[in-house]
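Remarks on the structure that follows.
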Amino acid sequence: MSLQDKLDAFKADFEAGKPPYNVPPSVIETMRRATAELKASGAAQRALKAGDKAPAFTLNDPDGNPVSSDELLRKGPLVVTFYRGVWCPYCNMELQALQATLPDILQVGASLVAISPQIASNSRKSARQNAVTFPILSDAHNDVAAAFGLRFTMQDYLVELYKSLKNDLPAFNGDPSWTLPMPARYVIAPDGTIVYAEVNPDYTRRPDPSEMLPAIRKAAA
19 MSLQDKLDAF KADFEAGKPP YNVPPSVIET MRRATAELKA SGAAQRALKA GDKAPAFTLN
79 DPDGNPVSSD ELLRKGPLVV TFYRGVWCPY CNMELQALQA TLPDILQVGA SLVAISPQIA
139 SNSRKSARQN AVTFPILSDA HNDVAAAFGL RFTMQDYLVE LYKSLKNDLP AFNGDPSWTL
199 PMPARYVIAP DGTIVYAEVN PDYTRRPDPS EMLPAIRKAA A
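19 is the number of the first residue of the sequence shown in our numbering; add one for each residue after it.
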């Protein structure tokens with residue numbers, strides 16, 4: 019089953035109000051509205067694309083060790099996925115799919131990192147729950163996400179909804195700003211050029227990781 023098939027199956031149950039979420043229709047409508055507005059804003063079209071130069075970054079892994087994109091690129095291509103947080107089931111399914119693809123990524127000498135605004139303890143929880151072995155890096159204030167053109171500020175009504183659902187992003191992220199990255203996946207060649215980019219303002223839509231393998235192999239050649 020592809021990643022999108024799994025996401026679609028989860029979404030169908032979630033929107034039907036099935037347990038454990040038991041979400042009422044009003045919540046679903048609010049989430050759909052927020053996604054539609056983010057799509058209509060054109061934010062995804064302004065994010066970095068294939069052919070652009072990727073901004074360099076150094077972020078800490080969950081153990082506080084700095085991870086440098088420049089250092090990883092000296093070893094080979096770099097795959098970067100932007101991850102909203104451990105509270106997002108769609109993101110967690112994507113991490114699991116990326117973990118399943120990790121052997122193919124490593125085989126050609128490439129590296130994989132996830133970038134999230136969440137604090138280190140939540141990244142450790144993400145890694146544990148999803149059984150991932152690649153690093154989930156903490157991007158305070160979504161600054162690296164902003165450099166890629168992915169950071170957006172949540173609408174006031176969406177913030178109120180999250181608060182009502184006890185989804186306390188300021189606590190998850192150690193940041194009061196209520197910003198998130200649009201889900202995105204990039205393949206960066208060793209010279210720093212982006213050779214594959216996928217950005218989607220609809221967090222329920224994610225390509226299968228296998229789709230980026232040709233770009234990774236080409237960048238590694």
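Ideal Cβ positions, reconstructed from N, Cα and C, are used throughout, including at glycine.
Bear in mind that the values here come from a model prediction, so they are computed numbers and not experimental data.
Counting every other CB atom within 10 Å of its CB across the protein chains shown gives E216 a total of 16 or more, marking it as buried. A Cβ-Cβ distance of about 6 Å is found for the pair F32 and V41, placing them in contact under the 8 Å criterion. In the three-state scheme derived from DSSP, where H, G and I count as helix and E and B as strand, I46 is classed as helix. Just so you know, the alpha carbons of Q173 and S87 end up roughly 31 Å apart. Put simply, the region 122-139 touches the region 93-109. At least three CB pairs are less than 8 Å apart. Secondary-structure assignment with DSSP links P208 through no beta bridge to anything. By the beta-carbon neighbour count (other beta carbons within 10 angstroms, threshold 16), M200 is buried. The C-beta distance from A233 to D193 rounds to 32 Å, too long to fall under 8 Å, and the pair is not in contact.
Distance from the Cα of L124 is smallest, within the candidate group Q147, V104 and T151, for T151.
Contact check for P225 against Q63 fails: the beta carbons are separated by 9 Å or more.
The beta carbons of D220 and K57 sit closer together than 9 Å. As for any alpha helix (DSSP H) of minimum length 4 sitting wholly inside the region 48-92, the runs are 61-64 and 87-91, ordered along the chain. Burial state of N83 is exposed, judged by a 10 Å Cβ sphere holding fewer than 16 other Cβ atoms.
Here DSSP, grouped into helix, strand and coil, assigns I123 to helix. By the CB criterion at 9 Å, A165 and I206 fall outside the cutoff. Look at S20 here: in three-state DSSP terms it is coil, with no helix or strand label.
As computed with DSSP, F170 is found in a beta bridge with L198.
Its Cα nearest to that of T48, the residue L183 stands out among G60, P38 and L183. Residue environment analysis places S228 among the exposed positions, since fewer than 16 neighbouring C-beta atoms fall within 10 angstroms of its C-beta. Bridge partners of R224 according to DSSP: none are assigned. Setting aside the 5 residues that flank it on each side, F170 is surrounded in the same chain by L56, A61, T197, L198 and M200, each with a C-beta closer than 7 Å to its C-beta; the list follows chain order.
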